[in-house]
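Inspection log for the structure reproduced underneath, given as structure tokens.
Protein chains: 2
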Amino acid sequence: MVTIGDVAREAGVSRSTVSYALSGKRPISPVVKERIQTAVEELGYTANAGAKALATSRTHVLALLARFLDDEFAPAMLEYILGVTDHARSLGYDTLMVTEEDGVRALQRLSRSRKVDGFLLLNVSEEDERLDALVKVSQPASTVGLPGRTGDVDIFDLDFAAAGRLMVDRMHDLGHRELVLVSQPEHVVARGGAYVWRLADAACERATQLGVTVHACFGSSSQPAIGEDLHEVLDTHPNATGLLLNNEAAAAALPNVLWSRGLRAPEDLSVIGRYSDDFARTFSLPFSAIDSAADELGRAAVDRLVGRITGRVSDEAPPGVELLAPTLTDRGSLAAPPGR
Amino acid sequence: MVTIGDVAREAGVSRSTVSYALSGKRPISPVVKERIQTAVEELGYTANAGAKALATSRTHVLALLARFLDDEFAPAMLEYILGVTDHARSLGYDTLMVTEEDGVRALQRLSRSRKVDGFLLLNVSEEDERLDALVKVSQPASTVGLPGRTGDVDIFDLDFAAAGRLMVDRMHDLGHRELVLVSQPEHVVARGGAYVWRLADAACERATQLGVTVHACFGSSSQPAIGEDLHEVLDTHPNATGLLLNNEAAAAALPNVLWSRGLRAPEDLSVIGRYSDDFARTFSLPFSAIDSAADELGRAAVDRLVGRITGRVSDEAPPGVELLAPTLTDRGSLAAPPGR
DNA sequence: CTGAAAGCGCTTACAG
DNA sequence: CTGAAAGCGCTTACAG
């Protein structure tokens with residue numbers, strides 16, 4: 000393997016000069032810099048990552064702790080993961096993908112061995128034991144997902160409460176007065192998936208203020224069960240003119256449900272979902288939706304984390320909670336209710 | 000941070016003794032071993048990964064090069080990824096998830112910097128430029144996916160040709176004489192997704208031998224487009240009694256397509272798909288299917304790769320091609336054709 | 001059964 | 001603007 004010594008010899012300078020030339024941490028004469036550049040390319044030199052990490056205490060690796068829980072629609076997870084890996088790379092970081100059952104152990108192992116510079120937590124629940132482990136650790140961390148207790152690490156999430164209000168407001172503005180809201184399965188909530196009730200509670204509260212009726216219910220997270228759930232919900236509430244979906248599986252199933260009932264959106268039913276653009280593409284979903292912003296949230300979490308690692312974000316800066324304002328992408332499934 | 004020196008001091012021995020005690024590479028007296036164990040636990044010691052990598056030239060990290068291509072149903076990729084990360088961890092390896100556009104550059108960077116011990120390639124195409132880069136690199140590699148040229152690295156894939164024959168055989172045994180085969184989109188084949196035609200060609204050849212008619216066609220990889228494709232295919236071939244699906248999106252769409260046509264499987268139509276058990280669960284698919292064996296393939300590829308890294312698999316052992324025999328999971332969508 | 005020391009390949013004060 | 005040397009935290013021959 001080619002080391003910094005080989006480059007130094009080839010360029011006729013000392014190893015420290017090569018190091019400085021490559022890092023730019025001190026001025027190097029143009030001639031020497033040029034010779035070093037040439038040698039580097041000729042030999043195909045890249046600094047040994049282990050040696051560099053040992054000398055600098057920086058690995059340029061982030062740990063991504065992903066969890067794949069039952070009753071969660073896995074396809075939606077992939078976008079968060081890709082958002083993180085892509086943005087991390089663009090900032091010069093590689094991503095260690097950690098899917099161990101025992102996230103706490105993984106975290107301790109990676110922290111103590113200094114294998115990573117920071118931690119990114121996905122799928123954070125209301126009471127997440129990984130957070131307790133995180134505060135005892137010397138590396139910084141960000142989460143995507145809002146836990147019950149804040150202030151320990153930087154937190155990023157969609158503002159699900161605002162999303163709930165936005166859904167209701169939009170429907171109300173169009174003249175709808177009776178809505179159905181289909182959430183994720185109740186298991187997800189029970190396990191600590193707070194985003195489910197954050198959206199639902201806010202939607203119901205706003206509806207009450209506006210004199211709108213919202214029938215809130217849960218739906219399965221797998222196909223085709225969720226399709227049957229949707230049929231049942233529509234049977235139960237024949238006068239509802241608007242459908243709100245905080246459940247990716249429901250969104251994926253809806254086109255066929257509508258088709259088989261001879262219904263069209265928005266002529267017969269207005270629909271607002273909550274999922275990502277990528278998801279909409281994969282499932283060719285024609286529904287207006289609040290963007291999950293998986294990509295944006297992943298980017299923001301990585302950005303802050305890297306900021307903490309490099310010192311760009313001061314150690315003194317207290318951990319923050321950033322709730323992304325929801326945006327509604329109109330795909331044409333919204334209109335006034337029929338008969339108005 | 001706590002180092003091996005801290006443990007040595009605490010246990011009253013030399014650093015080398017601690018190292019040997021932890022690695023088990025030479026006999027240590029029970030008393031001393033006990034003292035060291037205690038010190039390790041008390042201090043929460045884990046060896047510094049960078050230092051260890053520098054000293055041993057082993058990082059215990061594998062690079063997973065995943066590609067997310069257009070016209071490919073992303074949800075199916077996740078299972079391969081999880082198969083790899085889970086099994087790697089069980090063998091003591093972490094997984095660096097690499098999703099860069101330029102896989103060749105990523106490969107070179109990670110190889111030269113010795114950031115990983117080996118490479119795992121996913122979604123390998125017929126002519127994959129990453130393979131050319133791989134042979135010039137000193138770390139071993141495995142692929143999941145069968146490229147056109149073999150012999151450079153260890154290759155693992157489902158035996159798609161055997162899968163095609165198995166599908167036709169099974170249908171023929173049940174008495175079916177006219178089948179429809181829906182493959183992945185033609186773009187996927189054109190780009191080098193050889194598994195598509197490996198299955199299709201073998202199915203057609205076997206059908207010819209048996210006097211069975213197979214209508215082979217392509218279908219979209221997104222929803223709900225594939226649903227319309229399926230309707231069209233069924234309209235075009237009203238006498239076909241068996242449906243073969245080498246297209247995950249098609250499998251996901253089929254329950255609703257059948258439902259809306261008033262058809263049942265297997266009473267009206269026998270169905271064999273090709274996807275993974277996880278996929279079947281997420282989409283609650285009731286169809287008999289040849290298991291993609293994403294998990295098994297991931298495990299096998301990791302296993303061999305780690306074998307090469309540790310020397311368990313000899314350097315002399317030539318790279319192999321392992322095609323996994325297909326297995327059909329019966330979920331009750333197979334029967335004799337109607338009216339027999 | 002145990003220890004002192006060299007070495008892995010970098011970076012960075014220190015010195016000029 | 002450049003170099004010699006110490007040090008990061010391990011492992012592993014070498015010596016006893």
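Respectively, the protein sequence lines represent chains L and Y.
Residues in the first sequence are numbered from 0 upward in steps of one, following numbering that gives the first Met the number 0.
Residues in the second sequence are numbered from 0 upward in steps of one, following numbering that gives the first Met the number 0.
Note that the Cβ used here is the ideal one computed from N, Cα and C, for glycine as well.
Taking the C-beta atoms as reference points, residue 17 of chain Y is found nearer than 8 Å to residue 10 of chain Y. Among the CB atoms of chain Y, one or more fall inside 8 Å of the CB of residue 81 of chain L.
In this structure residue 232 of chain Y is in contact with residue 181 of chain Y, their Cβ atoms being roughly 6 Å apart against a cut-off of 8 Å. Against chain L, a Cβ distance below 7 Å from residue 121 of chain Y picks out nothing, because the smallest value is about 13 Å.
Interface annotation, residue 183 of chain L: not in contact with chain Y, CB-CB separation never under 8 Å. Chain Y places no beta carbon closer than 8 Å to that of residue 138 of chain L, leaving this residue out of the contacts. Against chain Y, the CB of residue 226 of chain L has a partner CB under 8 Å away; the residue lies at that interface. Residue 78 of chain L counts as buried, since at least 16 other C-beta atoms from the protein chains shown sit within 10 angstroms of its C-beta.
Of the candidates L/20, L/81, L/116, L/242, the residue whose Cα lies closest to the Cα of residue 218 of chain L is L/242. Residue-level contact by beta carbon holds for residue 114 of chain Y and chain L, with a gap shorter than 8 Å. Non-local C-beta neighbours of residue 165 of chain Y in its own chain, meaning closer than 7 Å and more than five positions away in sequence, comprise 289, 325, 327, ordered along the chain. A straight-line Cα-Cα distance of about 11 Å links residue 113 of chain Y and residue 51 of chain L.
Closest option to residue 57 of chain Y, judged by alpha-carbon separation, among L/75, L/49, L/188, L/64: L/49. Against chain Y, the CB of residue 45 of chain L has a partner CB under 8 Å away; the residue lies at that interface.
In its chain, beyond the 5 residues on either side, 182, 183, 187, 188, 245 have a beta carbon closer than 7 Å to the beta carbon of residue 195 of chain L. Residues of the stretch 229-255 of chain Y with a C-beta less than 7 Å from any C-beta of chain L: 251, 254, 255, listed in chain order. Residue environment for residue 148 of chain L: exposed (fewer than 16 other C-beta atoms within 10 angstroms of its C-beta).
A check of alpha carbon separations from residue 236 of chain L across L/254, L/220, L/268 identifies L/268 as the nearest. Looking at L/99, L/102, L/82, the one whose alpha-carbon comes closest to that of residue 93 of chain L is L/82. Check the Cα spacing between residue 104 of chain L and each of Y/95, Y/24, Y/137, Y/43: the tightest is with Y/43.
At a cut-off of 8 Å, the C-beta of residue 74 of chain Y has a neighbouring C-beta in chain L. In this structure, the CA atom of residue 334 of chain L is about 51 Å from the CA atom of residue 106 of chain Y.
Using beta-carbon distances, residue 222 of chain Y counts as an interface residue toward chain L, with a partner under 8 Å.
Pairing residue 31 of chain Y with residue 12 of chain Y gives a Cβ-Cβ distance under 8 Å. Residues of chain Y whose Cβ lies closer than 8 Å to the Cβ of residue 2 of chain L do not exist, since the nearest Cβ in that chain is about 11 Å away. For residue 96 of chain Y, the enclosing beta strand (DSSP E) has its first and last residue at 93-97. By the criterion of at least three beta-carbon pairs nearer than 8 Å, the stretch 199-214 of chain L is in contact with the stretch 173-180 of chain L. Residue environment for residue 152 of chain Y: buried (at least 16 other C-beta atoms within 10 angstroms of its C-beta). Listed in chain order, the alpha helix (DSSP H) elements of length 4 or more contained wholly in the stretch 238-304 of chain L are 247-260, 276-281.
With its beta carbon less than 8 Å from one in chain Y, residue 259 of chain L belongs to the interface.
Runs of the alpha helix (DSSP H) spanning 4 or more residues and lying entirely within the stretch 125-211 of chain L occur at 128-134, 159-173, 185-189, 193-209, in chain order. Taking the C-beta atoms as reference points, residue 293 of chain Y is found nearer than 8 Å to residue 275 of chain Y. Per the coordinates, the alpha-carbon of residue 59 of chain Y lies some 7 Å from the alpha-carbon of residue 91 of chain Y. A distance below 8 Å separates the beta carbons of residue 159 of chain L and residue 197 of chain L.
When the Cα atoms are used, residue 25 of chain L and residue 6 of chain L turn out to be separated by approximately 18 Å. A check of alpha carbon separations from residue 315 of chain Y across Y/161, Y/247, Y/150, Y/331 identifies Y/150 as the nearest.
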